[in-house]
Amino acid sequence: MAKTLFEKIWDKHVVKQIEGGPSILYIDKHFIHEVTSPQAFKGLEKRELSVFRPKQVVATADHNVPTLNQHLPIKDELSRIQVQQLIENCKKHQIELYGLGHPFQGIVHVIGPELGITQPGMTIVCGDSHTSTHGAFGTIAFGIGTSEVEMVFASQCLMQTKPKLMRINIEGELNKGVVAKDIILYIIAQISASGATGYFVEYAGSAIRSLSMEARMTICNMSIEMGARGGMIAPDEITFQYIKGRQFAPSGESWDQKIQEWAALYSDADAVFDQEIHIDATAIQPMITYGTNPGLGIAINGFIPVAESIPDEGERHTIEKALQYMGLESGKSLLGLPVQHIFIGSCTNSRIEDLRQVALLVKGRKKNAHVQVMIVPGSQQVSKQVQAEGLDKIFQEAGFEIRQAGCSACLGMNEDKIPAGEYCISTSNRNFEGRQGAGARTLLASPLTAAAAAITGVVTDVRELM
Amino acid sequence: MDKITTIQSRFVPMPIENIDTDQIIPARFLKATTRDGFGKNLFRDWRYSNDDESQPKADFVLNHKIYSGEILVAGKNFGCGSSREHAAWAIKDYGFKVVISSFFADIFKNNALNNGLLPITVSDVFLQQLFQLSPADTLTVSLEAQTVCIDKSGQKESFEINSYKKTCLLHGYDDIDYLINMRTAIEQFEQKVA
Ligand code: SF4
Chain A
33 MAKTLFEKIW DKHVVKQIEG GPSILYIDKH FIHEVTSPQA FKGLEKRELS VFRPKQVVAT
93 ADHNVPTLNQ HLPIKDELSR IQVQQLIENC KKHQIELYGL GHPFQGIVHV IGPELGITQP
153 GMTIVCGDSH TSTHGAFGTI AFGIGTSEVE MVFASQCLMQ TKPKLMRINI EGELNKGVVA
213 KDIILYIIAQ ISASGATGYF VEYAGSAIRS LSMEARMTIC NMSIEMGARG GMIAPDEITF
273 QYIKGRQFAP SGESWDQKIQ EWAALYSDAD AVFDQEIHID ATAIQPMITY GTNPGLGIAI
333 NGFIPVAESI PDEGERHTIE KALQYMGLES GKSLLGLPVQ HIFIGSCTNS RIEDLRQVAL
393 LVKGRKKNAH VQVMIVPGSQ QVSKQVQAEG LDKIFQEAGF EIRQAGCSAC LGMNEDKIPA
453 GEYCISTSNR NFEGRQGAGA RTLLASPLTA AAAAITGVVT DVRELM
Chain B
5 MDKITTIQSR FVPMPIENID TDQIIPARFL KATTRDGFGK NLFRDWRYSN DDESQPKADF
65 VLNHKIYSGE ILVAGKNFGC GSSREHAAWA IKDYGFKVVI SSFFADIFKN NALNNGLLPI
125 TVSDVFLQQL FQLSPADTLT VSLEAQTVCI DKSGQKESFE INSYKKTCLL HGYDDIDYLI
185 NMRTAIEQFE QKVA
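Set out below in structure tokens:
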């Protein structure tokens, strides 16, 4: 019978199907971090259990770490305790930890792929909603809550109901200045912040096939922002080339065997999806959000919708409330809006390719005097690469500040926050009220659009600088 | 886990769509390493103008004494965004046992169920009717019968819940108990695929 990519992987991981209930799904890799794991370890200990398969768990500290002076003790006491607990828990349960000071430390969804831990055909979970990032490699990867983290600790399995399946086909060539972030912001704006709830999404089509792994990760990363359980892309030669030679990638004979297995991971021609969406890549412009959920986005040269003209009352309220919070007006363009902060980072856009794109645009230019620009590489390895390629010099000359790896201003948990009422063009994935600090106003955009605004100090169509 | 059977209570209306978990519990309150005490920071930035609780925002529903109860009724796409289970803990710790909406984000729904907090999906029409009721009106939620009833009018709406989860909630079981008992089968599975 014809199967989708999702079904091929899912079926291989079902330990048992409970009558009238969920499946017991086997989990290949479990990533953990300091914020959503302590209560799971505590629960496990209360039941007097140990971690069932510690070798399949990989830990890092990212959400709550400082991005300056990482060699010093963490100043904030609660953060320090949380990071310390992770160290102790990993030691006690023999879990590999890439903590502060380790050359592999970084944002959990950046390090998994860059270390070659993430491989096609796997099931991957993490107590973090952007686990969907790993789907770029043709994996079933999704975020879970802390109780589920505890379940995976206890049994290496989860009780899961099979989601509905959606395929989003994007065909055609991308316009100048349009990158992966614009594609996914466009899709979310089209189908809304809840448009894929209950679904697992496969991205397909010629525009997707042409993308690098970094770009595919950016797309899968934001699947959760339209409500999807996860997103995935069938692995191909680009995927294999990316994985080859990485730290934990298979090698020798086992590489050849894996390649054969992975090559079979695609949706059969006559496989059936519960929903299919077709998108014309040429219709996509550089995107930016104006509201307080990632679905409230427009083309950079477009206009904020006129709230009064929206027939659905709930939607109208959402937009009115968002515009009030953002200090923006219905029907207006965002071009020319002065911004005070630029944040280039997060598991969506902090990989080396993102930073190369930024460097290429800002080389020989200087930032506007009224903006603060913060670049936070996704991992220690990305930082190292930035230096090796001399990108750090370009950034310094432009007046950008480069920090150490972590989630940083993506979620405003450590001290990297945007002050209330100020605007920040951010390459992260969420523009919720207060996400980057209480009262902060976030405009989501691509690294290119963020870099353009860094130079001009206002919302800018990056194509004017290219 | 606490058992859930029947709950009769007033409710707190929050007719706002897309309430994300960053609103339910902002990131700066996620530094705790236990599950307790999150209720005081529930909807923190909507509830208070500053961080020391001295300035409650008068227009926010949780600061209205006339609204009370163990049931939270919210607009569609409740619990979207971050997977933080702290959101479910905060709602539970504050004293809610049930959340009613016309649409829940997936991860939130799972997190709620895993903590004995019942997420109930009702139709948009029924949800709007709930928002029209007065603060003194009560609802009766029966998990056994899978119904929500407006006590004043007797009007009922049924809701769906997976039969496995229903059994878990009625008896206070959780998935971990089940999975631990499956360890032998899981080991056999591992050997088979290895
Ligand atoms: S970078 Fe942001 S979205 Fe990504 S894992 Fe960290 S906090 Fe979550």
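The listed protein sequences correspond, in order, to chains A and B.
Positions in the first sequence are counted from 1; adding 32 to them yields my numbering.
Positions in the second sequence are counted from 1; adding 4 to them yields my numbering.
Positions of the beta carbon are idealized from the N, C-alpha and C atoms, including for glycine.
| query | result |
| --- | --- |
| Over what stretch of residues does the alpha helix (DSSP H) that includes Val494(A) continue unbroken? | Unbroken run through Val494(A): none, as it is neither H nor E. |
| Determine the closest residue to Tyr455(A) out of Ile202(A), His95(A), Val491(A) and Phe280(A), with distance taken between C-alpha atoms. | Val491(A) |
| To which residues does DSSP link Arg473(A) through a beta bridge? | Tyr455(A) |
| Of all the options Tyr168(B), Asp178(B) and Phe193(B), which has the alpha carbon lying nearest to the alpha carbon of Ile50(A)? | Tyr168(B) |
| Is there contact here, the segment 88–97 of chain A with the segment 116–127 of chain A, by at least three beta-carbon pairs under 8 Å? | yes |
| Interface residues of chain A around Arg51(B) at Cβ under 7 Å? | None at all; the shortest Cβ gap to chain A is about 12 Å. |
| Roughly how many angstroms separate the alpha carbons of Arg261(A) and Ile106(A), rounded to a whole number? | 34 Å |
| Using a 10 Å radius around the Cβ and a threshold of 16 neighbouring Cβ atoms, would you call Thr9(B) buried or exposed? | exposed |
| Does Phe280(A) pass the burial test, meaning 16 or more other C-beta atoms within 10 Å, or should it be called exposed? | exposed |
| Can you tell which of Asp386(A), His373(A) and Phe335(A) has the C-alpha that lies nearest to the C-alpha of Ser362(A)? | Phe335(A) |
| So the beta strand (DSSP E) Tyr357(A) belongs to, where does it begin and stop? | That residue, Tyr357(A), is in no beta strand (DSSP E); its alpha helix (DSSP H) goes Glu345 to Met358. |
| Going by DSSP, name the residue or residues bridged to Phe335(A). | Ser365(A) |
| Taking C-beta pairs closer than 9 Å, name the residues in chain B that Pro54(A) reaches, listed in chain order. | Asn166, Tyr168, Lys169 and Asp179 |
| So, at 6 Å on beta carbons, what are the nonlocal neighbours of Ile384(A) in its own chain, with the 5 sequence-adjacent residues on each side left out? | Val414 and Gln417 |
| As an exercise, report each continuous alpha helix (DSSP H) stretch of at least 4 residues that is fully enclosed by the segment 135–180 of chain B, in chain order. | 167–175 |
| Taking only heavy atoms of the ligand SF4 into account, decide whether any of them is closer than 7 Å to the Cβ of Cys379(A). | yes |
| Okay, do the segment 33–49 of chain B and the segment 57–72 of chain A touch, 3+ Cβ pairs below 8 Å being the bar? | yes |
| On the criterion of 16 or more Cβ atoms from any shown chain inside 10 Å, does Val338(A) qualify as buried, or is it exposed? | exposed |
| Hey, is His162(A) close to the ligand SF4, as in C-beta under 7 Å from one of its heavy atoms? | yes |
| For Lys124(A), go through chain B and note every residue whose CB falls closer than 8 Å to its CB, in chain order. | Within 8 Å Cβ-Cβ: nothing; Lys124(A) doesn't reach chain B, min ~14 Å. |
| Could you pull out every residue in the same chain whose Cβ sits closer than 7 Å to the Cβ of Glu74(B), ignoring the five residues on either side in sequence? | Ile11, Ser13, Gly99, Phe100, Lys101 and Val102 |
| For the candidate residues Lys170(B), Lys69(B) and Ile23(B), whose alpha-carbon lies nearest to that of Val77(B)? | Ile23(B) |
| So the alpha helix (DSSP H) Asp214(A) belongs to, where does it begin and stop? | Ala212 to Ile223 |
| Let me check you understand the geometry: is the CB of His95(A) closer than 7 Å to at least one non-hydrogen atom of the ligand SF4? | yes |
| Quick one: what does DSSP say Lys398(A) is sitting in, helix, strand or coil? | coil |
| Just to make sure I have the definition right: I need the residues of chain B whose C-beta is within less than 7 Å of the C-beta of Asn96(A). Which are they? | Lys35 |
| Measuring from the CB of Ile139(A), is there a heavy atom of the ligand SF4 at a distance below 7 Å? | yes |
| Given that a residue counts as buried once 16 or more other Cβ atoms are within 10 Å of its Cβ, and exposed if not, what is Pro479(A)? | buried |
| Is there a C-beta anywhere in chain B that falls below 8 Å from the one on Asn325(A)? | yes |
| Verify the CB distance criterion: does Leu443(A) have a CB-CB separation below 8 Å to chain B? | yes |
| Chain A partners of Lys80(B), CB-CB under 8 Å? | Ser226 and Gly346 |
| Would a check of beta-carbon distances place Phe42(B) closer than 8 Å to chain A? | no |
| Name the chain A residues that come within less than 7 Å of Ala109(B), Cβ to Cβ? | Thr229 and Gly259 |
| Classify Pro60(B) as buried or exposed, calling it buried when 16 or more other Cβ atoms lie within 10 Å of its own Cβ. | exposed |
| Quick check on Asn81(B): does DSSP put it in helix, strand or coil? | coil |
| Quick one: which residues of the segment 434–464 of chain A get their C-beta closer than 8 Å to a C-beta of chain B? List them in chain order. | Leu443, Gly444, Met445, Arg462 and Phe464 |
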